[in-house]
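Using the working numbering, you'd call the opening residue of the sequence shown number 5 and step up by one each time.
Structure first, commentary second.
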Amino acid sequence: LLDFCFLALLCVLFPVLHLSSFLTPMSVSTEEFMVIGPSEPIVAVLGGDITLPCRVSPAMDVENMELRWFRSKFSEAVFIYQSHQEQREEQLVKYRGRTSLVKDFLTLGEAAVRIHNVQAFDNGLYTCFFRMGIFYEEASLELKVAVQWRTLSGEKLLTFSETQAQDAEGLLDPESAHSCLAVSDDKTSVTFKDSPKSSDDGVYSVLGHEGITSGCCYWEVEISNAKKSEWVLGVCRRDVERKGWYQESPEKGFWVVGMYENTLCSLPGNSKLDVPIPQRVGVFLDLKEWDVSFYNMTDSSHIFSFSLASSSGTLFPYFRLRSGDVSLTICSGVGGPVQTPVPLNNPPCSSEDPVSLSGQEFSSGCGVDGDLPGAESPLLPCGPEAMVASPGAANSQG
Numbered sequence: 005l006l007d008f009c010f011l012a013l014l015c016v017l018f019p020v021l022h023l024s025s026f027l028t029p030m031s032v033s034t035e036e037f038m039v040i041g042p043s044e045p046i047v048a049v050l051g052g053d054i055t056l057p058c059r060v061s062p063a064m065d066v067e068n069m070e071l072r073w074f075r076s077k078f079s080e081a082v083f084i085y086q087s088h089q090e091q092r093e094e095q096l097v098k099y100r101g102r103t104s105l106v107k108d109f110l111t112l113g114e115a116a117v118r119i120h121n122v123q124a125f126d127n128g129l130y131t132c133f134f135r136m137g138i139f140y141e142e143a144s145l146e147l148k149v150a151v152q153w154r155t156l157s158g159e160k161l162l163t164f165s166e167t168q169a170q171d172a173e174g175l176l177d178p179e180s181a182h183s184c185l186a187v188s189d190d191k192t193s194v195t196f197k198d199s200p201k202s203s204d205d206g207v208y209s210v211l212g213h214e215g216i217t218s219g220c221c222y223w224e225v226e227i228s229n230a231k232k233s234e235w236v237l238g239v240c241r242r243d244v245e246r247k248g249w250y251q252e253s254p255e256k257g258f259w260v261v262g263m264y265e266n267t268l269c270s271l272p273g274n275s276k277l278d279v280p281i282p283q284r285v286g287v288f289l290d291l292k293e294w295d296v297s298f299y300n301m302t303d304s305s306h307i308f309s310f311s312l313a314s315s316s317g318t319l320f321p322y323f324r325l326r327s328g329d330v331s332l333t334i335c336s337g338v339g340g341p342v343q344t345p346v347p348l349n350n351p352p353c354s355s356e357d358p359v360s361l362s363g364q365e366f367s368s369g370c371g372v373d374g375d376l377p378g379a380e381s382p383l384l385p386c387g388p389e390a391m392v393a394s395p396g397a398a399n400s401q402g
């Protein structure tokens, strides 16, 4: 009798249990997929929009997945899509309001994040991450930011979209340095060996290793303790006199800006510039238009511009330390929160004779003749035909 009752109970419960297995949804998906990104780098124009696409294989609906694009770390989120909406809590501040999801093909397994108003710091590697339940996959993709220099009339001067390594010769020239200065082993930074005791020691300056004879060149300089020290940077002619004590001026072959008595000035005359004190300066040298321009690369504001004489000849990057706990470091051209600079109009200064302009407007970035320098080429991304060696020891100081 007990066996009969047990069998009868199974006959009643089995259909119910079998039906419930179909009605109860699975809490975790075990369906596997691959995430595939572009096989080639994506090229974007500075200031434009670009999409970073990824897809899953086999194709499936990704609307219910978590989709994330991030930089070098998972926490460095460029964009997050989860629970059918954008999640901004974990998103990097510099991407908030500047990214959106392309949703047109989510049901087909394709998703892309659109970056608006592309900036120089957007250049680099990204990871797209797709997760369903406990299963996830990711893929890497690379974005290269192309930079254009244009005249105010809109004429394109140059386009940079590739990466080209520059050898170590495009750095500081220790042979040209004042004896009181210390140039780092990698030739990218200069500082005082000891605190200067007297101005009788002369002018504490150093040149770039390579001179520029033609084309367009660009480099960036990071200034430590910029507000509480005195420093000068810019360009100078190859034949300038740098021994003993001297003053920089265009008439003597120097086109420079710097800090003097807690004031940012254009030289000569220490004419005060009514602009914020920069921590990072971009120097744009255009020997096609004979113009050198300085930008604050932190906020992309224009600092000052000089017109050069067409007879200036070979020009060298020029760096000078005046006083204070300061160092000048040449850094990679792509980096920092860079935005498209404003048109070149020199800020107000105390000089009665403002420097005339060549009428050129530059977008921030770096490179020459179609190339963006990489991390190994922080200074003077110029073609070798436009470069000559520094005067070096022949014009050293101290």
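Think of the CB as a built atom: it goes at the ideal place given N, C-alpha and C, for glycine as much as any other residue.
Should residue i go down as buried or exposed, given a rule of 16 or more other Cβ atoms within 10 Å for buried?
i: Ile138; result: exposed
i: Leu247; result: Before going on, a small fix: residue 247 reads as Lys here, not Leu. Exposed.
i: Asp329; result: exposed
i: Arg100; result: exposed
i: Pro178; result: buried
i: Ser368; result: Below a pLDDT of 50, predicted positions are generally treated as unreliable, and Ser368, at 32, falls in that range; no measurement from the model is reported.
i: Gln343; result: In this prediction, Gln343 has a pLDDT of 31, which is less than 50 and means its spatial position is unreliable; nothing more can be read from the coordinates.
i: Asp108; result: exposed
i: Asp126; result: buried
i: Phe37; result: buried
i: Gly128; result: exposed
i: Phe74; result: buried
i: Glu44; result: exposed
i: Ser76; result: exposed
i: Phe308; result: buried
i: Ser4; result: Since the first and last residues shown for the chain are 5 and 402, residue 4 lies out of range.
Could you work out which residue in the options is closest to residue i when comparing CA atoms only?
i: Val82; options: Val279, Lys98, Glu70, Ser311; result: Lys98
i: Ser209; options: Leu332, Ser76, Gly51; result: Leu332
i: His88; options: Leu96, Leu71, Arg102; result: Leu71
i: Phe288; options: Pro45, Asp126, Tyr299; result: Tyr299
i: His306; options: Pro282, Glu293, Ala313; result: Pro282
i: Glu226; options: Gly219, Gly262, Gly257; result: Gly262
i: Ala116; options: Cys269, Glu67, Arg324, Lys77; result: Glu67
i: Arg324; options: Asp290, Arg242, Leu96, Val236; result: Val236
i: Ser228; options: Phe196, Leu291, Cys58; result: Phe196
i: Glu234; options: Asp243, Ser144, Thr267, Ser218; result: Thr267
i: Asp290; options: Arg284, Lys256, Ser218, Pro254; result: Ser218
i: Gly52; options: Lys148, Glu44, Glu255; result: Lys148
i: His182; options: Val194, Leu175, Asp190; result: Val194
i: Cys221; options: Gly286, Val279, Phe78, Cys269; result: Gly286
i: Arg242; options: Ser315, Val279, Phe308, Leu175; result: Ser315
i: Glu224; options: Lys232, Lys231, Gly238; result: Gly238
i: Lys2; options: Gln86, Glu255, Glu265, Lys256; result: What is shown of the chain runs 5 to 402, which leaves residue 2 out entirely.
i: Gly254; options: Tyr85, Val296, Lys292, Asp65; result: Note that residue 254 is Pro in the sequence shown here, rather than Gly. Among Tyr85, Val296, Lys292, Asp65, the Cα nearest to that of Pro254 is on Val296.
Residue j and residue i - do their beta-carbons sit closer together than 7 Å?
i: Gly113; j: Val187; result: no
i: Leu271; j: Glu252; result: yes
i: Trp259; j: Phe320; result: no
i: Tyr250; j: Val207; result: yes
i: Cys240; j: Tyr130; result: no
i: Arg102; j: His120; result: yes
i: Gly215; j: Thr318; result: yes
i: Arg118; j: Ser104; result: yes
i: Val39; j: Glu142; result: yes
i: Ile334; j: Thr111; result: no
i: Leu277; j: Trp294; result: no
i: Ala63; j: Ile54; result: no
i: Val106; j: Leu50; result: no
i: Glu80; j: Leu96; result: yes
i: Gly41; j: Cys132; result: yes
i: Arg284; j: Met301; result: yes
In the DSSP assignment, what are the bridge partners of residue i?
i: Ser79; result: Partner(s): none; Ser79 has no beta bridge.
i: Gly128; result: Leu147
i: Glu114; result: Arg59
i: Phe139; result: Met136
i: Phe74; result: Ala81, Thr131
i: Thr195; result: Ala186, Ser331
i: Gln89; result: Gln86
i: Leu237; result: Val261, Phe323
i: Gln2; result: This structure does not reach residue 2, given that the chain is present from 5 up to 402, and the question cannot be answered.
i: Ala48; result: Val149
i: Met38; result: Ser61
Open item on the list: I'd like the ranges of any beta strand (DSSP E) spanning at least 3 consecutive residues and lying wholly in the segment 308 to 334.
Closed with: Entirely contained in the segment 308 to 334, the beta strand (DSSP E) runs reaching 3 residues are, in chain order, 319 to 327.
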